[in-house]
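A short worksheet on the structure shown next.
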Amino acid sequence: MPKARLIVASARLPVTVTRKADGWEAEPSTGGLVTALAAVAERRDFTWIGWPGTAIAEAERDAVSAELDKHGAVPVFVPKNDADGFYLGFSNRVLWPLFHNLPDKVHFEPAGYRAYHRVNEAFADAILEHTRPGDVVWVHDYQLALVPELLRRRGFQGLVGFFLHIPFPSDETYRQLPPREEILRGLLGSDFIGFHSYEYVSHFRAACLRVLGLESDVESIRMPSRRVRLGALPIGIDPQEIRDMARGEDAKRELESLREAYPGRKIVVGVDRLDYTKGIPKKLLAFEEFLRQHPKWRDQVVFIQIAAPSRTGVDEYRDLKRSVDELVGRINGRYGTSSSMPIVYVNQAVPRSRLVGLFEAAEVALVTPLRDGMNLVALEYVAARGDRGGTLILSEFAGAAHCLPGARLVSPHSVGEVADALFDALSQPPEPGAFAHMQRFVEENTSMAWAQRFLNELEGAASDQRPSSELLRMDAPDVQRMVRAAKRPLVLLDYDGTLRSYVVNPRDAVPSPRILRVLGRLAERATVYVISGRSQKVLDRWLGHLPIGLVAEHGLSMRLPGGDFENRVRVSGKTLQELVDPVFQNFVRRTPGSSVEYKEAAIAWHYRAADPEFASFQVRELLTVLEDLLKRRPYTVLNGNRVIEVRHRNVTKGQAVTSLLEHHNRADFVFCAGDDRTDEEMMEAIPGRFKNRSISCWVGSRNIHARYWVDSNLTLLDALERMYGLWDETKRAHGRAE
Ligand code: ADQ
Numbered sequence: 001m002p003k004a005r006l007i008v009a010s011a012r013l014p015v016t017v018t019r020k021a022d023g024w025e026a027e028p029s030t031g032g033l034v035t036a037l038a039a040v041a042e043r044r045d046f047t048w049i050g051w052p053g054t055a056i057a058e059a060e061r062d063a064v065s066a067e068l069d070k071h072g073a074v075p076v077f078v079p080k081n082d083a084d085g086f087y088l089g090f091s092n093r094v095l096w097p098l099f100h101n102l103p104d105k106v107h108f109e110p111a112g113y114r115a116y117h118r119v120n121e122a123f124a125d126a127i128l129e130h131t132r133p134g135d136v137v138w139v140h141d142y143q144l145a146l147v148p149e150l151l152r153r154r155g156f157q158g159l160v161g162f163f164l165h166i167p168f169p170s171d172e173t174y175r176q177l178p179p180r181e182e183i184l185r186g187l188l189g190s191d192f193i194g195f196h197s198y199e200y201v202s203h204f205r206a207a208c209l210r211v212l213g214l215e216s217d218v219e220s221i222r223m224p225s226r227r228v229r230l231g232a233l234p235i236g237i238d239p240q241e242i243r244d245m246a247r248g249e250d251a252k253r254e255l256e257s258l259r260e261a262y263p264g265r266k267i268v269v270g271v272d273r274l275d276y277t278k279g280i281p282k283k284l285l286a287f288e289e290f291l292r293q294h295p296k297w298r299d300q301v302v303f304i305q306i307a308a309p310s311r312t313g314v315d316e317y318r319d320l321k322r323s324v325d326e327l328v329g330r331i332n333g334r335y336g337t338s339s340s341m342p343i344v345y346v347n348q349a350v351p352r353s354r355l356v357g358l359f360e361a362a363e364v365a366l367v368t369p370l371r372d373g374m375n376l377v378a379l380e381y382v383a384a385r386g387d388r389g390g391t392l393i394l395s396e397f398a399g400a401a402h403c404l405p406g407a408r409l410v411s412p413h414s415v416g417e418v419a420d421a422l423f424d425a426l427s428q429p430p431e432p433g434a435f436a437h438m439q440r441f442v443e444e445n446t447s448m449a450w451a452q453r454f455l456n457e458l459e460g461a462a463s464d465q466r467p468s469s470e471l472l473r474m475d476a477p478d479v480q481r482m483v484r485a486a487k488r489p490l491v492l493l494d495y496d497g498t499l500r501s502y503v504v505n506p507r508d509a510v511p512s513p514r515i516l517r518v519l520g521r522l523a524e525r526a527t528v529y530v531i532s533g534r535s536q537k538v539l540d541r542w543l544g545h546l547p548i549g550l551v552a553e554h555g556l557s558m559r560l561p562g563g564d565f566e567n568r569v570r571v572s573g574k575t576l577q578e579l580v581d582p583v584f585q586n587f588v589r590r591t592p593g594s595s596v597e598y599k600e601a602a603i604a605w606h607y608r609a610a611d612p613e614f615a616s617f618q619v620r621e622l623l624t625v626l627e628d629l630l631k632r633r634p635y636t637v638l639n640g641n642r643v644i645e646v647r648h649r650n651v652t653k654g655q656a657v658t659s660l661l662e663h664h665n666r667a668d669f670v671f672c673a674g675d676d677r678t679d680e681e682m683m684e685a686i687p688g689r690f691k692n693r694s695i696s697c698w699v700g701s702r703n704i705h706a707r708y709w710v711d712s713n714l715t716l717l718d719a720l721e722r723m724y725g726l727w728d729e730t731k732r733a734h735g736r737a738e
C-alpha cells in the first residue's frame, strides 16, 4: 500500500518568492525543519503549505502559485491588513512573549486576534483543498494553533499532528491569554501534539485541566469521547551537514582568520537571533562581571556575539537593539584598549558555513536564553566542535537543557552564576566525558530521526479511536430528508451540558428563556422528552409547565407529556445513602468546594467548584474506596462530568429510552442529543430499525456513539430551531397541497 501523503503546514513557506523583470522566481531556503523533512520527502509524496511572507496582489497569485508548485509548495495568500494582525500582532506580540513566560511584553488587541483567526481559517481551507482521504497533516507552531480544530470543523477525517516549537508556559501564565479556551481547543483538534520536553507536556496538561476541565494521563488528554496523544520529542539538527561544512572553504577561512586575529586569546561565542527571549543583555552583563572580577583575563579572552536582526518591525525588538548596542559600547569602553576589544558584536545574519568555523574556534559557547523552546545553537556548537570538545554554558530554561546533561547549566537571570561558570570554563580543561555525552545525543537525535519519530507517533495514534461522526448540518441533504419525512418524531434531550452549559453550582443551571421557547415550539410538532440525571423535583420546577415528557434521575421516574411522574423502578435510596453518605461526607471535608447531592435513588458527589488538580487526586482515591464498598451490591458508580454518582444498576438512561420507544411505538424518527457518559447509554439504546431515521448528536465534540456532533449547546439550540422550522415548512407545504 502506498504511504499516505504528507501535508505540512507552517506559517512561512521554506521558499521565498521575488519579483523579477520577467516574472516571479522562487528560491528555496534552508533551515532545521527543511532538512528534517527532506529525508521524509524522499520516501513519500509531500506538499508544504504556507504563507510566502509578503502580500501578493490578486493579479499575480496564479503566477506565484505556479512558480511555487515547482518546489512542491502551496501558498496561502494573506491580505496585507491581516498579515500584520496575524503575524506581528497576535503571533509575535501575544503568543510569543506569553509562551516564553514574559507577560509584561504582551500586547493583546482583539483586532489582531480576529486577523489570526481569519488567517488560521484560510490555512484550514487551503489544507482541505489540497488533501485527499487518507492524507496526514502536520501543522507547525504557535502561529497556526487553531488550524487542527478548524480542520475538524470542516469535516477533515484524517490524522492531524501538531508540533509546538516554542515552550508551553505554566498554567498560571497561560491563563492570562484572553482567548485561552479557543487556543487550547484549536490544538486539541489534533490526534497527536508534540513538544520539546516533558516540562511543556505537563504544563499543557495543567492548562487543559484548569481551563477546560479536561483530565489527562502522562501522555494523553482525555476528551469526552477520544484521547489526544501528547509526546516529548526534542528536535535535533543534521550533524553530518555541520561536518560537511567544517570541511568546506568558508568554515576553514573563518577559522584561520579568527586564529590570526586573536592569537593566544580564548574565544567565547554567542549566536542568537536578536530576540528578547535569548537573554543577550544579561549575557553581556555576565561577561562584564567576569571581566570585573578577573582582571588577568581581560586581554586573554574575546567574546564574539553574533545577533541576527529579527522582527525589526516590532517595537520591543527595536528597543532591544538599542540596549544591546549601548551595553556593548559601555563594556568595550570600560575594558577595551586601543589595540583590542573584549566584545566583538556582529548585528548580522552570518552564513551558517561561517558560523561553523566560529564554533570550531571557540573553547566556550554561551547559550543563555531566558526561555527557549529547544535552542539549536547549543546542538550546532556540540556538532561543530566534534572531538575537540569544549564547554557549553547553557541556560536551564532552554529545552536543550533537558537533553544535554554534559552542559554546564546556569540560570540566565543570575549574572554572578554565569560569570562563575565562564571563569571555570576558561580556567579548567573541559571534562571529556561530559562532552561525549552531548555528542551522542546530537548524533543520535538527528532532525531526520526526529521527523520520523513524530510521524510514527502520529500514525500510531489509533485512527479507530477517532469516531467518524460528522458535524451536524441541518442543510445537508440527508439530514433534511430524514427530518422532513418524519411524521411522528420523538425528540430525546439530555439537559445539563446539552441544552444548558455547565455552571459551577448545579443549582444555578435554570433554563434560559430560549431553551424554554425551543422546547415549547418543538413540542408542537414532536413528542419531546428531557432525560436527565436531575431529581424529579428540580425538573418539575424548571420544565414542569411545558407540554413535554420528563425523565428524572437517569430513568428512576418518568412523566409522559401531560401526565404525572411515576416511578419506573422500585428501588430504595435510603440503603444506598446510608452506605455511601459517610464516605462522601469524608471527601467533602477533604475537598473544599465539593458537595453532596441526595436524589431519590442515588447519591452524587459534585466537585466542579473544587481545585481541579487536587480534586482529580481525590477522585482516584474515592473510586477505589467505592469499588471496595460496593462489591457484590446492586449499585453502579458513574464517573460523570465533574461528578461521581452512585445509583441502582437497574436505573439507566438506556433502559429509560427502551421503555419510551416501547410506549411510543409508532414513532418514525428519533432525534437524540447528549454530552455525558450516561447519554452514550441512551444513544446505544436506539434500535437498528431507526438507522436511517434517527439523528444522534453529541454536544462539544465527536463521540463514537453519535452519528453527528455540534460544538456547543448554543449550536444545538440553533439546530433544534431549524428542525421545527423544517417541520413548519413541510406542514405548510402539505396544507397547500391538500
Ligand atoms: P529560533 O528561536 O529561531 O527557533 P534556535 O533554535 O536557536 O531559535 O534556531 C536558530 C537557528 O538560526 C540556528 O540554526 C542558528 O544557527 C541560526 N542562527 C541564529 N543566529 C544566527 C545568526 N546571527 N546568523 C545566522 N544564523 C543564525 C524556534 C524556537 C527554538 C527551537 C527551534 C526549532 O524558538 O527554541 O529550537 O524553533 O524547534
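For the record, in the sequence shown the residue sitting at position 277 is 277 according to our numbering, with numbers rising by one throughout.
We put the CB at the ideal spot given by N, CA and C, even for glycine.
- According to the DSSP secondary-structure assignment, K487 is paired through a beta bridge with no residue.
- Annotation for D238 indicates a beta carbon at 7 Å or more from all heavy atoms of the ligand ADQ.
- Taking all protein chains shown into account, A9 has 16 or more neighbouring C-beta atoms within 10 Å of its C-beta and is therefore buried.
- Taking C-beta separations shorter than 7 Å and ignoring five residues to either side along the sequence, the partners of V271 in its chain run I306, L355, V377, following chain order.
- The region 92-107 makes no contact with the region 151-160, as fewer than three CB pairs between them are under 8 Å.
- The bridge partners DSSP lists for W51 are R12.
- Along the length of the region 221-281, whole alpha helix (DSSP H) runs at least 4 residues long occupy 239-247, 249-261, reported in chain order.
- The shortest CA-to-CA distance from R273 to any of A384, L258, A308, F303 is the one to A308.
- Going by DSSP, R559 is part of the beta strand (DSSP E) stretching over 557-559.
- Closest option to G555, judged by alpha-carbon separation, among A419, I221, E681, I704: E681.
- Counting only runs of at least 3 residues, the region 587-659 fully encloses the following beta strand (DSSP E) elements, listed from N- to C-terminal order: 595-598, 602-606, 635-640, 643-648.
- When S701, N692, F690 are compared, the shortest CA-CA separation from G674 is found for S701.
- Closer than 7 Å to some heavy atom of the ligand ADQ: that describes the Cβ of N375.
- Here Y495 really is in contact with R534; their C-beta atoms are around 6 Å apart, less than 8 Å.
- With at least 16 other beta carbons inside 10 angstroms of its own, V64 counts as buried.
- The three-state reading of DSSP puts L370 in coil, since its state is none of H, G, I, E or B.
- Our two residues, G654 and R677, have alpha carbons roughly 11 Å apart in a direct line.
- Under the three-state reduction of DSSP output, Y345 falls in the strand class.
- For F90, there is no enclosing beta strand (DSSP E), as DSSP marks it with neither H nor E.
- Taking all protein chains in view, the Cβ of F287 is crowded by 16 or more other Cβ atoms within 10 Å, so the residue is classified as buried.
- Pairing V76 with I49 gives a Cβ-Cβ distance under 8 Å.
- The closest CA to that of F359, considering only T368, Y381, R371, is found on Y381.
- At least one heavy atom of the ligand ADQ lies less than 7 Å from the C-beta of A308.
- Per DSSP, reduced to three states, the secondary structure at E172 is helical.
- Pairing A400 with N375 gives a Cβ-Cβ distance under 8 Å.
- Taking the Cβ of H165 as the reference point, at least one heavy atom of the ligand ADQ falls within a distance shorter than 7 Å.
- Taking the Cα of T658 as reference, the smallest distance to any Cα among I686, R473, K631, F669 is reached at I686.
- Fewer than three pairs of CB atoms, one per stretch, sit closer than 8 Å, so the region 569-585 makes no contact with the region 689-707.
- L164 is the residue among L164, G549, A365, V228 whose C-alpha sits nearest the C-alpha of Y200.
- Approximately 3 Å separates the beta-carbon atoms of A434 and G406; this is inside 8 Å, confirming the contact.
- At least one heavy atom of the ligand ADQ falls within 7 Å of the beta-carbon of E380.
- Not one heavy atom of the ligand ADQ sits closer than 7 Å to the Cβ of R514.
- Residue pairing by DSSP places H140 opposite F163 in a beta bridge.
- Assigned with DSSP and collapsed to three states, D217 falls in strand.
- Judged by their CB atoms, V228 and D191 are nearer to each other than the 8 Å cut-off.
- Here the alpha carbons of H140 and A83 stand approximately 18 Å from one another.
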